[in-house]
Amino acid sequence: MASEATVEASGATVSAEVAETTAVAKQPHLLERKWTFWFDNELKPKQGAAWGSTLRNVYTFNTVEEFWCLYDQIFRPSKFPPSADFHLFKAGIEPKWEDPECANGGKWSVTSNRKATLDTMWLETLMALIGEQFDEADEMCGVVASVRPKQDKLALWTKTASNEAAQMSIGRKWKEIIDVTDKIIYSFHDDSRRDRSAKSRYNV
Ligand code: MGP
Numbered sequence: 032m033a034s035e036a037t038v039e040a041s042g043a044t045v046s047a048e049v050a051e052t053t054a055v056a057k058q059p060h061l062l063e064r065k066w067t068f069w070f071d072n073e074l075k076p077k078q079g080a081a082w083g084s085t086l087r088n089v090y091t092f093n094t095v096e097e098f099w100c101l102y103d104q105i106f107r108p109s110k111f112p113p114s115a116d117f118h119l120f121k122a123g124i125e126p127k128w129e130d131p132e133c134a135n136g137g138k139w140s141v142t143s144n145r146k147a148t149l150d151t152m153w154l155e156t157l158m159a160l161i162g163e164q165f166d167e168a169d170e171m172c173g174v175v176a177s178v179r180p181k182q183d184k185l186a187l188w189t190k191t192a193s194n195e196a197a198q199m200s201i202g203r204k205w206k207e208i209i210d211v212t213d214k215i216i217y218s219f220h221d222d223s224r225r226d227r228s229a230k231s232r233y234n235v
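Given below as structure tokens:
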């Protein structure tokens with residue numbers, strides 16, 4: 032009788048442990064910080080409209096589960112017509128030169144001639160950002176995927192353009208992440224603001 036009671040008791044312990052493990056497994060996996068997806072489907076603003084008037088803040092999230100749900104349902108660039116821009120930025124930062132976190136920043140850019148390549152590079156970059164894979168975490172602002180008729184583009188926005196050492200380190204790391212061996216270029220937002228065809232400042 033005593034041994035049956037012990038078995039029963041240990042059975043109860045085991046099922047309590049299983050329930051606890053299941054509950055933990057069901058808990059969403061929190062990210063280090065919040066991120067926001069943005070979307071713009073106008074290549075050029077309508078006449079008289081300011082740049083950015085069609086840019087939309089779509090969803091802010093902070094769990095791995097929300098990320099995958101959003102990515103699967105909506106944020107696959109190749110599904111969209113060749114005039115769409117997709118953005119993933121730290122929550123609180125707008126994907127604009129005018130945002131205080133971006134104002135003194137710049138971007139690393141890479142182009143792609145194949146839709147499949149854009150999707151892969153975009154996803155790898157998203158995972159690297161939300162997974163905090165860049166050592167210079169404070170420098171990261173976000174990433175923009177531009178679906179275009181001839182050549183798609185991906186741009187990684189960072190905060191302090193003048194910090195060459197940080198930007199070079201980020202550029203090298205990004206090339207590894209997106210598996211690119213050709214040179215990539217870094218331009219300052221300040222230069223782009225003044226002259227659309229301004230030269231890039233760094234390359235790696
Ligand atoms: P772009 O999209 O950075 O250049 O800016 P790109 O990739 O050469 O052009 P695209 O046509 O393939 O998209 C294009 C133009 O949009 C700039 O010259 C600006 O007039 C305007 N623009 C772009 N951005 C990112 C901003 C911004 O953040 N703020 C403002 N005010 N204008 C912008």
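With the sequence shown counted from 1, adding 31 to any position gets you the numbering used here.
Where is the CB? At the ideal position from N, CA and C, for every residue including glycine.
Secondary structure at Val235: coil, using DSSP grouped into helix, strand and coil. Excluding five sequence positions before and after Leu101, the CB atoms of its chain that fall closer than 7 Å to its own CB belong to Phe68, Tyr90, Phe92, given in chain order. Distance from the C-beta of Gly83 to the nearest heavy atom of the ligand MGP is below 7 Å. In terms of side-chain proximity, the C-beta atom of Glu129 is found nearer than 7 Å to a non-hydrogen atom of the ligand MGP.
With a threshold of 16 other beta carbon atoms within 10 Å, Thr212 falls short and is exposed.
Collapsing the DSSP output to three states places Glu155 in a helix.
Note on geometry: alpha-carbon atoms of Leu157 and Asp166 lie some 15 Å from one another. Apart from sequence neighbours up to five positions away, the residues of its chain that approach Ala147 with a beta-carbon distance below 8 Å are Ser109, ordered along the chain. Going by DSSP, Trp128 is part of no beta strand (DSSP E) at all; its letter is neither H nor E. For Trp205, the uninterrupted alpha helix (DSSP H) segment begins and ends at 195 to 209. Distance from the CA of Asn72 to the CA of Ala122, rounded to the nearest whole angstrom, comes to 21 Å.
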